[in-house]
Amino acid sequence: MRHLRAAFFAALFFFGFVQTALAEDVTLRSRDGAIELTGTLLGFDGEFYRIETRYGELTVDGSGVLCEGPGCPSLTDYVAELSVSGSATVGRVLMPALIESFALKNGLSTQREPVDATHFVYELTSISTGKLVGRFAFRVTNTDEGFADLLADEADIVMASREIRPSEVALAREAGLGNLNRPNRSRVLGLDAVVPVVAPANPVKAISLADLSRILSGQLTNWRELGGPDAPVVVHLREAGSGLSQGLEDRLLTPIGAVLGAEIKRHRSNAELAAAVSRDPFGIGLGSYSETGNTRALVLTGPCGFQLRAARRSIKTEDYPLTAPMFLYMPARRLPALAREFLAFTRSGPAQIVIRRAGFVDQAPEEVPVDLQGDRFANAIRVAEGTAGLEALNAMTRTLVPMRRLTTSFRFETGSARLDAQSRSNVQQLARALEAGTYDGRRLVFVGFSDGQGAANANLTIARKRAEVVRKAVLQTAETADGDRLEIGLEAFGEAMPMACDDTAWGRQVNRRVEVWLQ
1066 MRHLRAAFFA ALFFFGFVQT ALAEDVTLRS RDGAIELTGT LLGFDGEFYR
1116 IETRYGELTV DGSGVLCEGP GCPSLTDYVA ELSVSGSATV GRVLMPALIE
1166 SFALKNGLST QREPVDATHF VYELTSISTG KLVGRFAFRV TNTDEGFADL
1216 LADEADIVMA SREIRPSEVA LAREAGLGNL NRPNRSRVLG LDAVVPVVAP
1266 ANPVKAISLA DLSRILSGQL TNWRELGGPD APVVVHLREA GSGLSQGLED
1316 RLLTPIGAVL GAEIKRHRSN AELAAAVSRD PFGIGLGSYS ETGNTRALVL
1366 TGPCGFQLRA ARRSIKTEDY PLTAPMFLYM PARRLPALAR EFLAFTRSGP
1416 AQIVIRRAGF VDQAPEEVPV DLQGDRFANA IRVAEGTAGL EALNAMTRTL
1466 VPMRRLTTSF RFETGSARLD AQSRSNVQQL ARALEAGTYD GRRLVFVGFS
1516 DGQGAANANL TIARKRAEVV RKAVLQTAET ADGDRLEIGL EAFGEAMPMA
1566 CDDTAWGRQV NRRVEVWLQ
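Note that my numbering numbers the sequence shown so that position 450 is 1515, with each residue one more than the last.
Set out below in structure tokens:
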């Protein structure tokens, strides 16, 4: 059934415009006639042909060949085509806002044409010439469907509210789409977070991630266990294919070998979930930071008393443990020049403003002075033990107080030396800033921290190694940066400034990090 639906959709929607001539036999002949290739035209981006031949799929520079056959596209009236599929969280508001801002910046007008409940098309026209230059077609459903469309060759870009899973990486590689785990095959568009929310009258104010896991798995079923009323806990989640819900399962249930309980109320959108929870006195929802409606967000806490709130800065620094990056995934295939320009725009300063206005968290780095980090330093004082702990705290304070913390932070995947998805994006972002000279004339310091498990000296060594790994990754990426204009240092303070309790796996994960400080 899915195959028939997908084929019908592909025929009528993604390829129903100027690409109706594609998938036909063409012949590409070099201008001197010495080389000739015959095959099925799979795509044309205004510069390069993509054809399926007896030698396999080939990409050919259009400037060096002549195209013959009924499938040959017009070189003078070329319209850039892009098909985008996936997460409704990304696709309903954020991507349209970015497209409209991109068009305005580049002298283009936009016309949005609805197709049905999940499909719409943006047409981009040159204001100066009146010529149609681009057509971006969207299918807005969920992350699962986006990856399915990519694997079926029905989408050029996937909008995802979670990181790609190993099974999807393997399938994409088998389908000839390249390794989607490579840095240039994806990018973090913006940041969201999963937030536990309740009705405003619910007396419960905070919850631990351990209790959230018990609720999701059906082990905790009564509010009385959380200090609330003697009433059943009603769980509200997005639909099963939602990237936010799947990411939540990956983080809270998979590590402990648990699965979702049977009694779950599902919702098609973040707004629908928030509205339902606000009306349910015994409900708890796991929804999007960008759309909490009239609900009240619960604070995440732990046995040691630390509290973490979902806020713009804590999400940007990834100090909040349920941060959820929003991804764009692209296969190993040339996109039209207009699409490449749009993707470059999504990392620009104006795009970060659009992301903030859409209700999400942008990735523009901010400098945070020490006087706005009182809670962090208070926590450090509280956990400092003995003379050695106080000496480490004193050394850290002397070093950091004259500086400002950059919101660009780095963390590693659980049990791995590989940076997590948001941190890999941060490497690219910080490297571009260094190349642009943003921090010329200043001192930039990579500062390593660890969890509190093990001996203090060993933790200090590990923290320094992590800081060195991040520094090396950033400098290798910033190939054109002028090192003479910037002083780059490295410090490590081990377990001296924990962000969360060390008695849980997620707390230790939050504490293992590399921060960037500026002077």
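Ideal Cβ positions, reconstructed from N, Cα and C, are used throughout, including at glycine. Just so you know, these numbers come straight off a predicted model, no measurement behind them.
Alpha carbon of residue i to alpha carbon of residue j, nearest angstrom
| i | j | result |
| --- | --- | --- |
| residue 1403 | residue 1148 | 13 Å |
| residue 1521 | residue 1567 | 14 Å |
| residue 1084 | residue 1138 | With a pLDDT of only 40 at residue 1084, under the threshold of 50, the placement of this residue in the model should not be trusted, and no figure is reported. |
| residue 1517 | residue 1500 | 36 Å |
| residue 1223 | residue 1245 | 11 Å |
| residue 1289 | residue 1209 | 36 Å |
| residue 1090 | residue 1215 | 23 Å |
| residue 1441 | residue 1545 | 35 Å |
| residue 1236 | residue 1409 | 27 Å |
| residue 1534 | residue 1525 | 14 Å |
| residue 1092 | residue 1120 | 14 Å |
| residue 1336 | residue 1476 | 31 Å |
| residue 1102 | residue 1133 | 10 Å |
| residue 1494 | residue 1252 | 10 Å |
| residue 1318 | residue 1369 | 22 Å |
| residue 1530 | residue 1471 | 20 Å |
| residue 1211 | residue 1114 | 25 Å |
| residue 1232 | residue 1584 | 44 Å |
| residue 1364 | residue 1572 | 14 Å |
| residue 1532 | residue 1557 | 7 Å |
| residue 1259 | residue 1105 | 45 Å |
| residue 1574 | residue 1136 | 54 Å |
| residue 1497 | residue 1527 | 27 Å |
| residue 1432 | residue 1478 | 25 Å |
Residue i burial status per 10 Å Cβ neighbour count (16 or more: buried)
| i | result |
| --- | --- |
| residue 1315 | exposed |
| residue 1436 | exposed |
| residue 1383 | buried |
| residue 1381 | buried |
| residue 1042 | The structure shown does not extend to residue 1042, since the chain is modelled only from 1066 through 1584, so no value can be given for it. |
| residue 1418 | exposed |
| residue 1307 | buried |
| residue 1098 | exposed |
| residue 1344 | exposed |
| residue 1292 | exposed |
| residue 1489 | buried |
| residue 1229 | buried |
| residue 1481 | exposed |
| residue 1087 | Since pLDDT at residue 1087 reaches only 45, below the 50 mark, its modelled position is unreliable, and no value is offered. |
| residue 1576 | buried |
| residue 1182 | exposed |
| residue 1150 | buried |
| residue 1207 | buried |
| residue 1549 | exposed |
| residue 1543 | buried |
| residue 1356 | buried |
| residue 1068 | At residue 1068, the pLDDT of 42 sits below 50, so the modelled position is not reliable; the number obtained from the coordinates is stated separately. Exposed, because fewer than 16 other Cβ atoms sit within 10 Å of the Cβ of residue 1068. |
| residue 1512 | buried |
Assumed close pair residue i, residue j - CB separation to whole angstroms, cut-off 8 Å
| i | j | result |
| --- | --- | --- |
| residue 1354 | residue 1505 | Incorrect: roughly 34 Å between the Cβ atoms, too far for contact. |
| residue 1559 | residue 1457 | 7 Å |
| residue 1514 | residue 1578 | 5 Å |
| residue 1225 | residue 1152 | 6 Å |
| residue 1416 | residue 1163 | 6 Å |
| residue 1539 | residue 1492 | 6 Å |
| residue 1386 | residue 1373 | 7 Å |
| residue 1342 | residue 1473 | The Cβ separation is near 33 Å, so there is no contact. |
| residue 1227 | residue 1312 | 4 Å |
| residue 1272 | residue 1360 | So it is not a contact: roughly 14 Å between Cβ atoms. |
| residue 1331 | residue 1302 | 6 Å |
| residue 1487 | residue 1388 | 7 Å |
| residue 1509 | residue 1555 | Not a contact, Cβ separation roughly 10 Å. |
7 Å Cβ cutoff, residue i in contact with chain B
| i | result |
| --- | --- |
| residue 1145 | Any reference to chain B falls outside this structure, which holds one protein chain only. |
Cβ pair count under 8 Å reaching 3, the segment 1289 to 1298 against the segment 1462 to 1471 | no
Per the contact definition of three or more C-beta pairs closer than 8 Å, is the segment 1261 to 1275 in contact with the segment 1347 to 1362?
-> yes
Cβ pair count under 8 Å reaching 3, the segment 1141 to 1160 against the segment 1187 to 1204 | yes
If you pair each beta-carbon of the segment 1387 to 1394 with each one of the segment 1108 to 1128, do three or more pairs fall below 8 Å?
-> no
Return the chain-ordered ranges of every alpha helix (DSSP H) run that is complete within the segment 1503 to 1584 and spans a minimum of 4 residues.
-> 1521 to 1542, 1570 to 1576
So, do the segment 1225 to 1245 and the segment 1165 to 1175 have three or more beta carbon pairs nearer to each other than 8 Å?
-> no
Any 3 or more C-beta pairs closer than 8 Å across the segment 1368 to 1381 and the segment 1278 to 1289 = no
Do the segment 1180 to 1198 and the segment 1115 to 1132 make contact, defined as three or more Cβ pairs closer than 8 Å?
-> no
In chain order, each beta strand (DSSP E) run of at least 3 residues that lies wholly inside the segment 1145 to 1177 = 1145 to 1152
Length at least 4, wholly inside the segment 1234 to 1318: the alpha helix (DSSP H) runs in chain order = 1274 to 1281, 1308 to 1317
Can you check the segment 1321 to 1399 for any beta strand (DSSP E) of at least 3 residues that lies completely inside it and give the ranges in chain order?
-> 1329 to 1332, 1348 to 1353, 1364 to 1366, 1388 to 1394
Which residue spans inside the segment 1107 to 1145 form an unbroken beta strand (DSSP E) run of at least 3?
-> 1113 to 1118, 1121 to 1126, 1130 to 1133
Could you tell me which uninterrupted alpha helix (DSSP H) segments, each at least 4 residues in length, are contained entirely in the segment 1178 to 1234, listed from first to last along the chain?
-> 1208 to 1216
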